[in-house]
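Participant: Below you will find the structure I want to go over with you.
There are 4 protein chains.
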Amino acid sequence: MSDLARIGVAIDSALLARFDELIEQRGYANRSEAFRDLIRDELVQKSWESPDADVVGTVTLVYNHHVRMLNEKLTDMQHDHHQNILSTMHVHLDHDNCLEVVVVKGKAGAVKKIADALISAKGVKHGRLTITSTGAEL
Amino acid sequence: MSDLARIGVAIDSALLARFDELIEQRGYANRSEAFRDLIRDELVQKSWESPDADVVGTVTLVYNHHVRMLNEKLTDMQHDHHQNILSTMHVHLDHDNCLEVVVVKGKAGAVKKIADALISAKGVKHGRLTITSTGAEL
Amino acid sequence: MSDLARIGVAIDSALLARFDELIEQRGYANRSEAFRDLIRDELVQKSWESPDADVVGTVTLVYNHHVRMLNEKLTDMQHDHHQNILSTMHVHLDHDNCLEVVVVKGKAGAVKKIADALISAKGVKHGRLTITSTGAEL
Amino acid sequence: MSDLARIGVAIDSALLARFDELIEQRGYANRSEAFRDLIRDELVQKSWESPDADVVGTVTLVYNHHVRMLNEKLTDMQHDHHQNILSTMHVHLDHDNCLEVVVVKGKAGAVKKIADALISAKGVKHGRLTITSTGAEL
């Protein structure tokens with residue numbers, strides 16, 4: 001991305017030791033990478049507070065594909081919002097259950113509305129909207 | 139799924155009116171569907187508290203594919219855990235940025251560890267683990 | 277409160293059994309009480325989405341009271357917003373550390389701003405805004 | 415607390431600019447304080463994952479004090495767990511509604527159990543457990 005700045009951070013030694021332990025457990029190569037992740041996560045959360053912000057999200061759905069017409073309904077809904085829906089992945093979890101992940105892009109308000117509609121569809125057992133970003137500003 | 143029970147729920151009229159308004163906004167066909175979703179979400183959250191529980195999750199990653207070797211690294215990591223990784227979807231967000239969704243299945247403890255490793259990889263701008271379930275028990 | 281309605285909810289027997297188990301663990305006297313709690317929690321979360329909504333919250337702060345002037349600063353900040361601050365409780369956790377809980381009432385936007393200011397004060401080790409409601413509409 | 419370390423963090427200039435804007439909005443005096451808060455929040459969340467960890471939490475309850483025997487019941491429950499309950503604050507929100515904040519200390523598992531019991535009590539309209547720490551290790 002852009003050029004790199006190098007800043008100094010003052011931090012209690014004991015706190016730093018505990019942070020180093022945590023980021024090692026999580027697999028970070030170095031502290032700077034971990035700090036950047038903390039920052040970016042704050043910015044992503046903040047960005048979703050405004051309904052007009054440009055965001056990217058994933059909608060995770062678990063459903064029984066034997067429920068009559070559910071598959072068709074979910075597909076129809078996605079086509080109705082094709083400007084906002086980038087891609088969909090379908091995974092067969094077992095004989096009955098499917099997991100579908102829908103990648104959604106657009107204004108935060110519109111993306112939430114699409115997610116609500118998919119998650120509330122009759123027959124969807126569990127649904128979650130996960131918020132992220134286009135990456136362009138991170 | 140299993141056979142259907144019909145239970146009675148006592149609820150203040152004013153509270154019920156506000157709930158009806160909320161679920162209409164979200165697009166629920168009826169109250170029973172909304173109640174079942176609330177229940178299932180509680181059960182999913184609860185199930186993830188035990189590291190030995192069988193769970194399904196999605197890991198959402200946003201990264202710049204120009205970062206040297208990142209793509210290879212993420213692919214290698216996924217192959218190292220191929221027993222736990224069901225499927226991956228890749229979306230091109232813009233010239234630089236990709237979104238990848240990885241569907242992970244297994245013990246909650248193992249799934250969290252894989253998610254940590256993917257999210258902490260150098261060059262990944264934003265990552266999130268979303269928890270859901272196999273659907274079999276919902 | 278208002279008069280009581282009695283509604284019927286259709287739910288798969290297996291799902292109901294798991295729900296009954298969960299609410300027994302949590303100590304609910306009956307299902308209706310558990311359902312009402314699920315509903316009210318959704319409504320509280322929804323209410324905080326609008327910055328103009330009337331809300332109540334608690335700000336939990338942990339800090340070392342030996343940090344110079346921190347106590348005075350936190351008190352001053354609370355007095356500056358006395359119209360929004362209902363009450364404060366102070367607990368001595370150990371020789372150094374205090375926990376303070378500040379009950380805040382007002383528009384969601386204003387309450388968030390006060391919470392941000394208290395949590396970001398130099399010397400505050402950990403802070404959290406917890407959202408709830410005046411109870412009047414629940 | 416302990417002696418202070420000074421570490422260098424490499425960060426993209428554009429990302430740093432957005433972070434600086436965010437922490438100014440939140441009222442942070444400087445970047446180091448904001449970084450330390452991000453770290454401590456991660457550590458607090460991590461600490462609660464283990465049921466045996468020593469934690470501090472606050473339970474926020476909103477209830478109608480006209481509900482028969484509710485006040486007595488909540489007081490009794492708190493006395494039953496007096497080793498874990500440090501302090502309680504009671505606020506009169508309006509003619510009917512009270513807010514009570516209970517500060518709880520102990521093993522994470524025990525603290526969650528007490529919170530569940532208080533929140534599930536019949537007549538409690540809304541309840542939330544907020545997790546924090548004794549501050550001793552932060």
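Protein chains in written order, with this note's numbering: chain A, 1 to 138; chain B, 139 to 276; chain C, 277 to 414; chain D, 415 to 552.
Even for Gly, the Cβ is constructed at its ideal location relative to N, Cα and C.
For D76 of chain A, count neighbouring Cβ atoms within 10 angstroms of its own Cβ and tell me buried if that reaches 16, exposed if not.
Facilitator: With fewer than 16 other Cβ atoms within 10 Å, it is exposed.
Participant: Listing by chain order, which chain B residues have their CB less than 8 Å from the CB of E300 of chain C?
Facilitator: Per Cβ cutoff of 8 Å: no residues; E300 of chain C is ~13 Å from chain B at best.
Participant: Taking the beta strand (DSSP E) that L142 of chain B belongs to, which residues open and close that run?
Facilitator: First-last of the beta strand (DSSP E) with L142 of chain B: 142-150.
Participant: Cβ of R432 of chain D less than 9 Å from any chain C Cβ?
Facilitator: No, because no Cβ of chain C sits closer than 9 Å to the Cβ of R432 of chain D.
Participant: Determine the extent of the beta strand (DSSP E) in which S87 of chain A is found, giving its start and end residues.
Facilitator: Run containing S87 of chain A: 85-92, per the beta strand (DSSP E) assignment.
Participant: Grab me the residues of R164 of chain B's own chain with a C-beta within less than 7 Å of its C-beta, minus the 5 sequence neighbours each way, in chain order.
Facilitator: Result list for R164 of chain B: empty, nothing under 7 Å.
Participant: Quickly, what does DSSP pair H479 of chain D with across the bridge? List them, please.
Facilitator: In the DSSP output, where bridge partners are listed per residue, H479 of chain D has none listed.
Participant: For I407 of chain C, decide whether its Cβ has a neighbour in chain B, counting only Cβ atoms nearer than 9 Å.
Facilitator: Chain B contact via Cβ: absent.
Participant: Between which residues of its own chain and T196 of chain B is the CB-CB distance below 8 Å, once the five residues before and five after are set aside?
Facilitator: V239, V240, V241, V242, L267, T268, T270, listed in sequence order.
Participant: With 16 as the cutoff for other CB atoms within 10 Å, does R68 of chain A come out buried or exposed?
Facilitator: Counting Cβ neighbours within 10 Å, R68 of chain A comes out exposed, since fewer than 16 surround it.
Participant: Got a sec? Which residues, its chain only, sit under 7 Å from H402 of chain D by beta carbon, not counting five neighbours each side?
Facilitator: This structure cannot settle anything about residue 402 of chain D, because the visible part of chain D is limited to 415 through 552.
Participant: Run down chain B in chain order and give the residues with a C-beta less than 7 Å from the C-beta of E376 of chain C.
Facilitator: Here the premise fails: no neighbours, minimum Cβ distance about 29 Å.
Participant: From the beta carbon of R542 of chain D, is the nearest beta carbon of chain C less than 9 Å away?
Facilitator: It does: the Cβ of R542 of chain D has a partner Cβ on chain C nearer than 9 Å.
Participant: According to DSSP, is M1 of chain A helix, strand or coil?
Facilitator: Here the model assigns M1 of chain A a pLDDT of 49, short of 50, so the residue's position is not dependable, and the following value carries that caveat. Here M1 of chain A sits in coil by DSSP.
Participant: So, under 8 Å CB-CB, A136 of chain A and S50 of chain A are touching, yes? Tell me the CB distance rounded to an integer number of Å.
Facilitator: Not quite, the Cβ-Cβ distance comes to about 16 Å (not below 8 Å), so this is no contact.
Participant: Does the pairing of the region 523-534 of chain D with the region 416-435 of chain D give three or more beta-carbon distances under 8 Å?
Facilitator: With the cut-off at 8 Å, the region 523-534 of chain D and the region 416-435 of chain D do not touch.
Participant: Can you list the residues of chain D that R31 of chain A reaches, using a CB-CB cut of under 8 Å?
Facilitator: Under the 8 Å cutoff, chain D gives I421, V423.
Participant: What is the DSSP secondary structure of L552 of chain D, counted as helix, strand or coil?
Facilitator: Coil, per DSSP.
Participant: S396 of chain C by DSSP, collapsed to three states: which one?
Facilitator: DSSP places S396 of chain C in coil when its eight states are reduced to three.
Participant: Could you list which residues in chain C have their beta carbon closer than 7 Å to that of D508 of chain D, in chain order?
Facilitator: Within 7 Å Cβ-Cβ: T410, A412.
Participant: What first and last residue would you give for the beta strand (DSSP E) that runs through N30 of chain A?
Facilitator: Premise fails: N30 of chain A is in no beta strand (DSSP E) and is neither H nor E.
Participant: Do H203 of chain B and V44 of chain A have their C-beta atoms closer together than 9 Å?
Facilitator: Cβ atoms of H203 of chain B and V44 of chain A: not closer than 9 Å.
Participant: Let me know the secondary structure DSSP gives E162 of chain B once reduced to three states.
Facilitator: Helix at E162 of chain B.
Participant: What's the gap between the Cα of G123 of chain A and the Cα of D175 of chain B?
Facilitator: Their Cα atoms are separated by approximately 10 Å.
Participant: Measure from the alpha carbon of D330 of chain C to the alpha carbon of each residue in D:L507, D:D417, D:A535, then state which is nearest.
Facilitator: Nearest of D:L507, D:D417, D:A535 to D330 of chain C, Cα basis: D:L507.
Participant: Using a Cβ cut-off of 9 Å (strictly closer), state whether L319 of chain C contacts chain B.
Facilitator: It does; some Cβ of chain B falls within 9 Å.
Participant: Under 9 Å between C-beta atoms, does H357 of chain C make it to chain D?
Facilitator: It does not; no Cβ of chain D falls within 9 Å.
Participant: Taking 6 Å as the limit between beta carbons, can you name the residues of its chain near Y304 of chain C, skipping five residues before and five after?
Facilitator: For Y304 of chain C, where only same-chain residues beyond five positions count, the Cβ hits under 6 Å are A310.
Participant: From what residue to what residue does the beta strand (DSSP E) around E238 of chain B run?
Facilitator: It spans 235-245 - the beta strand (DSSP E) in which E238 of chain B sits, taken as one unbroken run.
Participant: Please confirm if R454 of chain D has its CB atom under 9 Å from at least one CB of chain C.
Facilitator: For R454 of chain D, the answer is yes, since a Cβ of chain C falls inside 9 Å of its Cβ.
Participant: Can you tell me whether L394 of chain C is buried or exposed? The criterion is at least 16 other CB atoms within 10 Å of its CB, across all chains shown.
Facilitator: It counts as buried.
Participant: Strictly below 9 Å CB to CB, what residues from chain D border K112 of chain A?
Facilitator: None at all; the shortest Cβ gap to chain D is about 22 Å.
Participant: What is the rounded straight-line gap between the Cα of E486 of chain D and the Cα of T364 of chain C?
Facilitator: Their backbone Cα atoms lie some 23 Å apart in a straight line.
Participant: D116 of chain A: which of A:A5, A:T60, A:I39 sits nearest, CA to CA?
Facilitator: Nearest option by C-alpha distance: A:T60.
Participant: Please name the residue in D:A535, D:V423, D:N498 whose C-alpha comes closest to that of L4 of chain A.
Facilitator: Of the listed residues, the one whose Cα sits closest to L4 of chain A is D:V423.
Participant: Sorted by chain position, which residues of the same chain lie with C-beta nearer than 8 Å to M139 of chain B's C-beta, five sequence neighbours on each side aside?
Facilitator: Since pLDDT at M139 of chain B reaches only 49, below the 50 mark, its modelled position is unreliable, and the value read off the structure follows with that caveat. No residues qualify anywhere along the chain.
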